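Working notes, structure below.
In the numbering used here, the protein residues as written are 70 to 157.
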């Protein structure tokens with residue numbers, strides 16, 4: 070499957086206060102530049118309330134579908150997020 074980024078990658082915020090919508094993207098590619106697993110958290114909008122969290126393996130990558138207003142962050146800035154699809 071081909072992946073076509075529609076924006077630049079950005080380092081994740083390392084706490085809830087630094088969470089981002091990744092430009093209101095609804096589909097985001099997350100990749101871990103570290104060799105150790107890292108926790109990723111998706112928040113319900115800007116409320117600070119966690120909707121989901123999971124660990125991403127070292128050097129791993131995953132596509133994440135979220136609501137445009139949902140914010141996302143990771144425990145480490147070793148996680149990069151790339152927007153793949155925006156809200157209409």
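Virtual Cβ for every residue (Gly too), placed ideally from N, Cα, C. It should be emphasised that the depicted structure is a prediction, and the values quoted were computed from it without experimental measurement.
One Cα belongs to residue 120, the other to residue 132, and the distance between them is close to 16 Å.
Leaving aside the five residues that flank residue 153 on each side, the residues in its chain whose CB is nearer than 8 Å to its CB run, in chain order, 72, 73, 74, 75, 94, 96, 97, 98, 132. Boundaries of the beta strand (DSSP E) around residue 124: 119-125.
Its Cα nearest to that of residue 137, the residue 114 stands out among 101, 128, 86, 114. Setting aside the 5 residues that flank it on each side, residue 105 is surrounded in the same chain by 127, each with a C-beta closer than 7 Å to its C-beta; the list follows chain order.
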